[in-house]
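Following: one structure in structure tokens, then a few remarks.
Number of protein chains: 2
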Amino acid sequence: MTVIDDLTSALGPGAVLTEPDDLAAYSTDWRGAGSGRPHCVVRPSATAEVATAVRLCHEAGVAVVPHGGGTGLSGGALPDDSGTQVVLSLARMRRVREVDAAGDTLTVDAGVVLADVQAAAEAVDRLFPLSLASEGSCTIGGNLATNAGGTAVLRYGMARELVLGLEVVLADGRVWDGLRPLRKDNTGYDLTQLFCGSEGTLGIITAATLRLFPATPRHATAWLALPSVEAAVSLLGQVRARAGQSLAAYELVSREALDTVLRHVPGARDPFGERHDWYALVELSGATDDEGLEPALEAALTAGFEASLVTDAVVAGSPTQRESLWLLREGISEAQNHDGASLKHDVSVPVALLPDLLADTAGRLEAVLPGVRLVTYGHVGDGNVHHNLAAALDGGSDDDLRAAAGDLADAIYDAVAERGGSISAEHGLGTAKRDANAARTDPVELDLMRSIKQALDPDGLMNPGKVLPPR
Amino acid sequence: MTVIDDLTSALGPGAVLTEPDDLAAYSTDWRGAGSGRPHCVVRPSATAEVATAVRLCHEAGVAVVPHGGGTGLSGGALPDDSGTQVVLSLARMRRVREVDAAGDTLTVDAGVVLADVQAAAEAVDRLFPLSLASEGSCTIGGNLATNAGGTAVLRYGMARELVLGLEVVLADGRVWDGLRPLRKDNTGYDLTQLFCGSEGTLGIITAATLRLFPATPRHATAWLALPSVEAAVSLLGQVRARAGQSLAAYELVSREALDTVLRHVPGARDPFGERHDWYALVELSGATDDEGLEPALEAALTAGFEASLVTDAVVAGSPTQRESLWLLREGISEAQNHDGASLKHDVSVPVALLPDLLADTAGRLEAVLPGVRLVTYGHVGDGNVHHNLAAALDGGSDDDLRAAAGDLADAIYDAVAERGGSISAEHGLGTAKRDANAARTDPVELDLMRSIKQALDPDGLMNPGKVLPPR
Numbered sequence: 001m002t003v004i005d006d007l008t009s010a011l012g013p014g015a016v017l018t019e020p021d022d023l024a025a026y027s028t029d030w031r032g033a034g035s036g037r038p039h040c041v042v043r044p045s046a047t048a049e050v051a052t053a054v055r056l057c058h059e060a061g062v063a064v065v066p067h068g069g070g071t072g073l074s075g076g077a078l079p080d081d082s083g084t085q086v087v088l089s090l091a092r093m094r095r096v097r098e099v100d101a102a103g104d105t106l107t108v109d110a111g112v113v114l115a116d117v118q119a120a121a122e123a124v125d126r127l128f129p130l131s132l133a134s135e136g137s138c139t140i141g142g143n144l145a146t147n148a149g150g151t152a153v154l155r156y157g158m159a160r161e162l163v164l165g166l167e168v169v170l171a172d173g174r175v176w177d178g179l180r181p182l183r184k185d186n187t188g189y190d191l192t193q194l195f196c197g198s199e200g201t202l203g204i205i206t207a208a209t210l211r212l213f214p215a216t217p218r219h220a221t222a223w224l225a226l227p228s229v230e231a232a233v234s235l236l237g238q239v240r241a242r243a244g245q246s247l248a249a250y251e252l253v254s255r256e257a258l259d260t261v262l263r264h265v266p267g268a269r270d271p272f273g274e275r276h277d278w279y280a281l282v283e284l285s286g287a288t289d290d291e292g293l294e295p296a297l298e299a300a301l302t303a304g305f306e307a308s309l310v311t312d313a314v315v316a317g318s319p320t321q322r323e324s325l326w327l328l329r330e331g332i333s334e335a336q337n338h339d340g341a342s343l344k345h346d347v348s349v350p351v352a353l354l355p356d357l358l359a360d361t362a363g364r365l366e367a368v369l370p371g372v373r374l375v376t377y378g379h380v381g382d383g384n385v386h387h388n389l390a391a392a393l394d395g396g397s398d399d400d401l402r403a404a405a406g407d408l409a410d411a412i413y414d415a416v417a418e419r420g421g422s423i424s425a426e427h428g429l430g431t432a433k434r435d436a437n438a439a440r441t442d443p444v445e446l447d448l449m450r451s452i453k454q455a456l457d458p459d460g461l462m463n464p465g466k467v468l469p470p471r
Numbered sequence: 001m002t003v004i005d006d007l008t009s010a011l012g013p014g015a016v017l018t019e020p021d022d023l024a025a026y027s028t029d030w031r032g033a034g035s036g037r038p039h040c041v042v043r044p045s046a047t048a049e050v051a052t053a054v055r056l057c058h059e060a061g062v063a064v065v066p067h068g069g070g071t072g073l074s075g076g077a078l079p080d081d082s083g084t085q086v087v088l089s090l091a092r093m094r095r096v097r098e099v100d101a102a103g104d105t106l107t108v109d110a111g112v113v114l115a116d117v118q119a120a121a122e123a124v125d126r127l128f129p130l131s132l133a134s135e136g137s138c139t140i141g142g143n144l145a146t147n148a149g150g151t152a153v154l155r156y157g158m159a160r161e162l163v164l165g166l167e168v169v170l171a172d173g174r175v176w177d178g179l180r181p182l183r184k185d186n187t188g189y190d191l192t193q194l195f196c197g198s199e200g201t202l203g204i205i206t207a208a209t210l211r212l213f214p215a216t217p218r219h220a221t222a223w224l225a226l227p228s229v230e231a232a233v234s235l236l237g238q239v240r241a242r243a244g245q246s247l248a249a250y251e252l253v254s255r256e257a258l259d260t261v262l263r264h265v266p267g268a269r270d271p272f273g274e275r276h277d278w279y280a281l282v283e284l285s286g287a288t289d290d291e292g293l294e295p296a297l298e299a300a301l302t303a304g305f306e307a308s309l310v311t312d313a314v315v316a317g318s319p320t321q322r323e324s325l326w327l328l329r330e331g332i333s334e335a336q337n338h339d340g341a342s343l344k345h346d347v348s349v350p351v352a353l354l355p356d357l358l359a360d361t362a363g364r365l366e367a368v369l370p371g372v373r374l375v376t377y378g379h380v381g382d383g384n385v386h387h388n389l390a391a392a393l394d395g396g397s398d399d400d401l402r403a404a405a406g407d408l409a410d411a412i413y414d415a416v417a418e419r420g421g422s423i424s425a426e427h428g429l430g431t432a433k434r435d436a437n438a439a440r441t442d443p444v445e446l447d448l449m450r451s452i453k454q455a456l457d458p459d460g461l462m463n464p465g466k467v468l469p470p471r
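Line order of the protein sequences matches chains A and B. The first sequence begins at 1 in the UniProt record's numbering and counts up one residue at a time. The second sequence begins at 1 in the UniProt record's numbering and counts up one residue at a time.
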């Protein structure tokens, strides 16, 4: 019996994909970057089936690659090209198991799409704050396995801060039931946090109990033109002082990034007549009767204008206007898919060092590949920027860009490392950032991670080759 | 050479205590509960010295028991009674290494007393929100190693949520430098969260980079009389709806707990003429110019009176009055030390189940030991109560109480377990709760924890016997 026979007889033929046409979707990610060759794809519909599939693979010595919405940016959900790895898709695990509005918790299968998690919370007048550009496709299991970030981290934290408990299928097919709706529980090691962000290398998340928050249907949203990144950082302090914890998003957008959106995203429109170097999308959020939002935003903008931190500003006057402003930010990622090759980088430093980092990096990149386009945007409040690179519009070529990819990456990563930053702030390591991270990481830290990997996955069959380089 | 000789020659004679008089303070905890016998006490003054001490113990095959402020409630910092374990005190590690007000971070040695951490934040107009009754004695290293809770969890989270990075001496004496001031960093497993709450069984925390928050010097504080625990839970919703994220504390106090304070704490005074069954201390906090606090508190109390959720109320009119109200809550733990034997329990359930839990537990305890006094108080907003037991004032005896301790604990823990709760919400397991927890924990979960322990401490020398029962 091959593992395909085992899986088919245990889960039924409908749960196992083997045809090349069916496998194609699991062989590349949504940006078309990276590629691999699945031995087969297994699509269990319940935790017990995930456990069975993992157990059968474990017994056969076959590696398992968990797959959520396929929207990862570091290759974490792709099999290698050996044709021997089984891709395990969580897409059929899409039950909302329990909604507890009184207790502010929600328990869902791993395959529930993030937008559906948000909708389940909204249906009981609550907020599940995780929000990213891919929320219509990505799954909550993938969000937790990669510790996703997004635009609401500033107020609510990363994905790992939004989870109370997990259910995980372990490397040998046993199930750990850690689905606890408790706010406080000090009974041993925090296994939930260990699985969050481990990218499927320690086990497969099959369900999660999530934290809900009071709904924030009221928003005060502004799109600002800024003279510099320094101004963006200074203005953040001004906004924070006035908005406090109602500050929900503070996103930086470079002119290059805005131009990319204006070129490719239908309906996108520059709110200003003049061109500016930098923009910020600022949003405060609160309860329906929270009448302090608009005055706080106005006061912060007034202070910003007076201190020459803001050059121009437009405040959304309606939900439609708010959406059109958000489109300028949320459209960047999709727009880049239509804009030729894009080398994605996702780095963080302490917030105060951001201006210096960006200035330094720009010079280093120009030295590597003159004319390289910096499509820079990100979550300034978190010290996190997406520093994506594209070929010059006039005369640049994608081939030249790709040929310089390694040197360009080194230029960015070295600048980040010199400032004590992270070369993967929210996208994870997968295979794409794995080696670059290992080269810049204390061997003691790599050793600790390897020890944990060895302890929980002694045969090395859980998403092998991700996060940690092969020895 | 014995390990005492090794330590003395490496760290100097002043760093090693061997005299019985000196060891006494490390042989028992601050409540006088538990007892152990240290082989010696080593007091390093820097990370390199901690590393040397751990390495020497590792080479000698001697167990190491880390010791912070000695205020733990589960015996986690006590050596066993074999006389072979080295207690490693962090008390001389008390440098504030770096304060970064712009970046809202603070880096401190593990031995810095929590009150001094708070003061260092206050000195730059920031808040470090962790706050507990023992803050004048406990150390930040111990707070993180045990994932301390306290009265500000409702707004700011447990200790683990307040830390960005750690420095840890590992079982073999190597140092892991994970002191990163980054808000976002997805480069591998979350080792920081693994060490938080591991009670020194995986390594010794020697320093931490902490998150700071905007200062909240303005408070609106009320002491309320409530008809029932149900009323306390309902009122919490009313307060939350009006105060939002400015709700900083919501503490429940039973009449028994208040009486204990009134009997033993100098200066404590009942704010009301009449006796009531239950009380709550409610506090909103914000910036100096946050003029919404008092109106929000008043509105919540008015709604509470109208819905018969509040029987009486006093709002603090001055900082001194605020302190005198807090004394009634913060004094409980100390008062119990003067009130005869006290069996401490620290449990949590989903908030909505608290009234049912307390009612059920009261009946079960009375059946085990008629007349037993329930000194109940805690953090209602987190679903966490301290359910401490004392002998009846008239006719009860501490001996009878102690004799029934096991059955009383089982009565509480069973009621908690039936509701999916935790038998140690914030005090950790140490040795005191270790076996009771193991008996109620899924073997898969215990196995996972043992695998991690084995991976990071293969010789079992880091605080052995804590958290996990010996095999």
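Ideal Cβ positions, reconstructed from N, Cα and C, are used throughout, including at glycine.
Could you tell me which whole beta strand (DSSP E) segments of length 3 or greater appear in the segment 4-84 of chain B?
38-42, 64-67
Report the CB separation of residue 50 (chain B) from residue 204 (chain B) in whole angstroms; it is logged as a contact under 8 Å.
6 Å
Note down, in chain order, every chain A residue with its Cβ under 8 Å from the Cβ of residue 184 (chain B).
Residues of chain A whose Cβ lies closer than 8 Å to the Cβ of residue 184 (chain B) are, in chain order, 149, 153, 158, 348, 379, 382, 383, 384, 422, 425, 426.
What first and last residue would you give for the alpha helix (DSSP H) that runs through residue 361 (chain B)?
354-368
Which residues in the same chain have their Cβ closer than 8 Å to the Cβ of residue 147 (chain A), if we skip the five residues on either side of it in sequence?
158, 159, 160, 196, 197, 426, 428
Leaving aside the five residues before and after residue 435 (chain B) along the sequence, list all residues of the same chain whose C-beta is less than 6 Å from its C-beta, in chain order.
469
What is the rounded straight-line gap between the Cα of residue 377 (chain B) and the Cα of residue 227 (chain B)?
15 Å
What distance in whole Å lies between the Cβ atoms of residue 142 (chain A) and residue 68 (chain A), which are believed to be in contact at a cut-off of 8 Å?
3 Å
Straight-line CA distance for residue 254 (chain A) to residue 156 (chain A)?
Going from the Cα of residue 254 (chain A) to the Cα of residue 156 (chain A) covers about 25 Å.
How would you write the range of the alpha helix (DSSP H) that residue 140 (chain A) sits in, first residue to last?
140-145
Check distances from the C-beta atoms of the segment 186-198 of chain B to those of chain A and list, in chain order, the residues that come in under 8 Å.
186, 187, 188, 189, 190, 191, 193, 194, 196, 197, 198
Report all residues from its chain with a CB closer than 6 Å to the CB of residue 420 (chain B); omit the five preceding and five following residues, and keep chain order.
none
Using a Cβ cut-off of 8 Å, which residues of the segment 120-151 of chain B contact any Cβ in chain A, in chain order?
146, 147, 149
Check whether the Cβ of residue 89 (chain B) lies closer than 8 Å to any Cβ atom in chain A.
no
Residue 484 (chain B) bridges to which residues according to DSSP?
In the structure displayed, chain B extends from 1 to 471; residue 484 (chain B) sits before or after that span and is not available.
On the three-state DSSP scale, how would you describe residue 320 (chain A)?
helix
At least one CB of chain B closer than 8 Å to the CB of residue 451 (chain A): is that the case?
yes
For residue 244 (chain B), which residues in chain A fall below 9 Å Cβ to Cβ?
The contacting residues are 214, 245, 246, 286, 287, 290.
If I'm right that residue 452 (chain A) touches residue 189 (chain B) with Cβ under 8 Å, what's the distance once you round it to whole angstroms?
6 Å
Is it the case that the Cβ atoms of residue 256 (chain A) and residue 374 (chain A) are separated by a distance below 8 Å?
yes
Could you name each continuous alpha helix (DSSP H) segment of 4 residues or more that falls completely within the segment 208-248 of chain B, going from the start of the chain to the end?
229-243
Considering only C-alpha positions, which residue in the set A:12, A:385, A:121 is nearest to residue 52 (chain A)?
A:12
Kindly identify the DSSP beta-bridge partner or partners of residue 280 (chain B).
In the DSSP assignment, residue 280 (chain B) forms a beta bridge with B:224, B:252.
Assign residue 345 (chain B) to one of two classes, buried (16 or more other C-beta atoms within 10 Å of its C-beta) or exposed (fewer than that).
So residue 345 (chain B) ends up on the buried side.
Locate the alpha helix (DSSP H) running through residue 166 (chain B), then write down its first and last residues.
Counting along the chain, no alpha helix (DSSP H) covers residue 166 (chain B); the unbroken beta strand (DSSP E) around it starts and ends at 163-169.
Taking only beta-carbon positions, decide if residue 6 (chain B) is within less than 8 Å of chain A.
no
Check whether the segment 437-456 of chain B touches the segment 388-406 of chain B, taking contact to mean three or more Cβ pairs, one atom from each stretch, closer than 8 Å.
no
For a quick check, are the C-beta atoms of residue 139 (chain A) and residue 167 (chain A) less than 8 Å apart?
no
I'd like to check one pair, residue 384 (chain B) with residue 150 (chain B): are the Cβ atoms closer than 8 Å?
no
Report all residues from its chain with a CB closer than 8 Å to the CB of residue 479 (chain A); omit the five preceding and five following residues, and keep chain order.
Given that chain A is displayed from residue 1 to residue 471, the structure contains no residue 479 (chain A) and the question cannot be resolved.
For residue 252 (chain A) and residue 278 (chain A), which I take to be in contact (beta-carbon distance under 8 Å), what is that distance rounded to the nearest angstrom?
7 Å
Can you look up residue 313 (chain A) in the DSSP assignment and give me helix, strand or coil?
strand
In or out: residue 180 (chain B) buried (at least 16 other Cβ within 10 Å) or exposed?
buried
Starting from residue 156 (chain A), trace the alpha helix (DSSP H) in both directions and tell me its first and last residue.
153-156
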